[in-house]
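Down below is the structure, laid out as structure tokens.
2 protein chains.
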Amino acid sequence: MIEDKSTEQRIIEAAKQVFIEKGYDGARMQEIADLAGINKAMLHYYFRSKDKLFFTIFDDIFSRFMPAVQKGFTSNMSVEEKIKFFINSYITLLQSNPYIPLFILHELSRNPEELKTHIHDKVTSNFKIFQEQMQLEINQGLIKPIDFRQIVTNIIALCVFPFVARPLLQEVFSSDNESFDKFIEARKTIVPDLILNWIKM
Amino acid sequence: MIEDKSTEQRIIEAAKQVFIEKGYDGARMQEIADLAGINKAMLHYYFRSKDKLFFTIFDDIFSRFMPAVQKGFTSNMSVEEKIKFFINSYITLLQSNPYIPLFILHELSRNPEELKTHIHDKVTSNFKIFQEQMQLEINQGLIKPIDFRQIVTNIIALCVFPFVARPLLQEVFSSDNESFDKFIEARKTIVPDLILNWIKM
DNA sequence: AAAAATATTAACTATTTGGTTAAATCATAT
DNA sequence: ATATGATTTAACCAAATAGTTAATATTTTT
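The listed protein sequences correspond, in order, to chains A and B.
Under numbering that gives the first Met the number 0, the first sequence has 49 at position 50, and the numbering climbs by one with no breaks.
Under numbering that gives the first Met the number 0, the second sequence has 15 at position 16, and the numbering climbs by one with no breaks.
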């Protein structure tokens, strides 16, 4: 049970845990209340409905997670340095938050229309700068002329996928948790290798 | 509503549709019955419980989907040819079944212990042959000595991720369905490029 | 200290949901 | 034709679940 902190904060933390683990449909208000150590009526006192609580939690998770991902892109490094830096910090972030991507992807696919409005303003801006910088280096002949979207997608895919597919991969490769963690750690050098080898002239 | 075919087959098809779209927790027996055009009691007459129906559907989906993925690996092509062939047919398969991967990944993460037993025998075998062949080509100095698991993971990641992250990617890249389909189509050459460029000596 | 506002609880409600039952219908074999 | 077994239906049930209410306790304001 979550102790100390304000009731509202305890509800939010409990709700995050339960929603991330079970998803919206699998989450139970009673379980959230129990985890927060309060009465179920308190959830409605503070958040009115399961829907309202969920959107609060989703927005909170999403707006904490996406900027953390994108912020590396505003520094004054070269494209190559940025990619290396990004992949390393992104995988590190995922190591501490392994269940967030699948949660976001699943909820987004369950209810795309409604959730799109929740994410719209949080995703577009940060990539622009990086896109322009890449175009510059392409013009200079430093990197190959590849569709920007494909590069971003590949980087994210290679970072995120092992976390969303962990149970399947562990089963396929018969690996225990320890060796899987090593497998992930190794990707901090493998993924930049793969990407840079591909885009560099 | 699904017509013709035996009742059992109609239930299975309806259940597939609903479970894939909504997930186990979001699926309703009534919705499956309606879609199959039958009484709700029939679901229980044929499958006893939601759990039993779900496992039937899951096993069916999983055992149709995984072998289709792996079978390309038993031919007598070179590693390079196999990779090209695999990526192409895998992405094509995903274009016709775009929602299956997220369904499998979500259910596997919701209930890993129980579902692991359902998939165990269906995943391990087919990769072995490919792994040995790769080791051979590594020894011959044709391809770089890279952890086999990393190669497989990267290939699958690059194929699957755009499908599981589609709503997010479309939002980030502001792309309509048509341009997203083109984006996917382009990956049939981009992904082999990326992988082969990386592993070839 | 009294009043007012805020927070908390226990008990309750309405609805949804997976599952059951018993009767009716249909198909098949004798 | 008729008895037998399989299939289908409508009505029902019990448990679970989101949400409510009204009374009580606590904190804050005056």
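Quick reminder that beta carbons are idealized off the backbone N, C-alpha and C, glycines included.
Asked, Found
"Exposed unless 16 or more other CB atoms sit within 10 angstroms - verdict on Q29/A", "exposed"
"8 Å contact criterion, which H201/B and F61/B should meet: CB distance rounded", "The requested residue 201/B is not part of the displayed model; chain B covers only 0 to 200."
"Neighbour flag for S108/A against chain B, beta carbons, 8 Å", "yes"
"Presumed contact (8 Å Cβ cut-off) between I56/A and L42/A, rounded CB distance", "That pair is no contact at about 12 Å."
"Member of P97/A, I194/A, F85/A and R165/A whose CA lies at the smallest distance from the CA of K201/A", "Here chain A has residues from 0 to 200 only, and residue 201/A is not among them."
"Neighbourhood of I37/B by C-beta, 8 Å cutoff - its chain only, sequence neighbours within 5 removed", "T6, R9 and I10"
"Residues near R274/B by beta carbon distance below 8 Å, same chain, minus five either side", "With chain B represented from 0 up to 200, any question about residue 274/B goes unanswered, as that position is not in the structure."
"Residue-chain proximity (S149/B, chain A), Cβ-Cβ < 8 Å", "One detail in the question is off: residue 149/B reads as Gln in this sequence, not Ser. Cβ-Cβ to chain A under 8 Å: yes for Q149/B."
"Option nearest I128/A by Cα separation, candidates S77/A, A14/A and D58/A", "S77/A"
"Interface positions of the stretch 90-114 of chain A facing chain B (Cβ-Cβ less than 7 Å), listed along the chain", "L101, L104, H105, L107, S108, R109 and P111"
"Within chain B, partners of D146/A - CB distance below 9 Å", "F182, A185 and I189"
"Pairwise C-alpha distance: W197/A and N196/B", "7 Å"
"Proximity to Y89/A [Cα-Cα], best of F179/A, I154/A, I150/A and K49/A", "I154/A"
"Under 9 Å from the C-beta of F160/B: neighbouring residues of chain A", "T152, N153, I155, A156, L157, V159, F160 and V163"
"Unbroken alpha helix (DSSP H) run spanning A14/B, endpoints", "T6 to G25"
"Residue(s) in a DSSP beta bridge with I142/A", "K199/A"
"Neighbouring residues, chain A, relative to H119/B (Cβ below 8 Å)", "E170"
"Contacting residues, own chain, Cβ-Cβ under 8 Å from D58/A (five flanking each side not counted)", "H117"
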